[in-house]
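With the first letter of the sequence shown counted as 1, position 13 gets the number 12 in numbering that gives the first Met the number 0; the numbers rise by one all the way through.
Where a beta carbon is used, it is the ideal one built from N, C-alpha and C, also for glycine.
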Amino acid sequence: MPVLVLNAKSATWTADYQDYVRSLSTRTEYRAFEGVGHFLMLEKPREFNAALWNAAESTIWSNKRG
């Protein structure tokens, strides 16, 4: 199952944490946004929506191929 993780870039989310999150699924995409707080979708709507769109699109196309 594909997993999309969208976080605000923060010292809290260390490289080890990011690796851990990626290890939870072979289909995990992890993205960290700069200059945002808790409301990524309101603070950077274009970038947020593009990330969702790209993840959905890649999931649809990968399912159609096989």
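Roughly how many angstroms lie between the CA atoms of residue i and residue j, to the nearest whole one?
{"i": "Val4", "j": "Gln17", "result": "10 angstroms"}
{"i": "Thr27", "j": "Glu42", "result": "23 angstroms"}
{"i": "Asn53", "j": "Ala14", "result": "23 angstroms"}
{"i": "Tyr29", "j": "Val20", "result": "8 angstroms"}
By Cβ distance below 7 angstroms, which residues in the same chain neighbour residue i in space, the five residues on each side in sequence not counted?
{"i": "Thr11", "result": "none"}
{"i": "Glu33", "result": "Lys8"}
{"i": "Leu39", "result": "Leu5, Ala7, Phe32, Phe47"}
Hey, could you find the ends of the alpha helix (DSSP H) residue i is sitting in?
{"i": "Arg26", "result": "Unbroken run through Arg26: none, as it is neither H nor E."}
{"i": "Ala35", "result": "The amino acid occupying residue 35 in the given sequence is Val; Ala does not appear at that position. Counting along the chain, Val35 falls outside any alpha helix (DSSP H), and DSSP gives it neither H nor E."}
{"i": "Ala14", "result": "14–22"}
Near residue i, what residues of its chain come up, given a Cβ to Cβ distance below 8 angstroms and the 5 sequence neighbours on each side ignored?
{"i": "Gly36", "result": "Ala7, Glu42"}
Just curious, the beta strand (DSSP E) that residue i is in, first and last residue?
{"i": "Val4", "result": "2–7"}
Is residue i near residue j, with beta carbons less than 8 angstroms apart?
{"i": "Ser24", "j": "Val2", "result": "yes"}
Under the rule that 16 or more other beta-carbon atoms within 10 Å means buried, what is residue i, buried or exposed?
{"i": "Ala55", "result": "exposed"}
{"i": "Ala49", "result": "exposed"}
Do we get a CB-CB distance below 8 angstroms when we pair residue i with the residues of chain E?
{"i": "Leu41", "result": "The structure shown contains no chain E; it is built from a single protein chain."}
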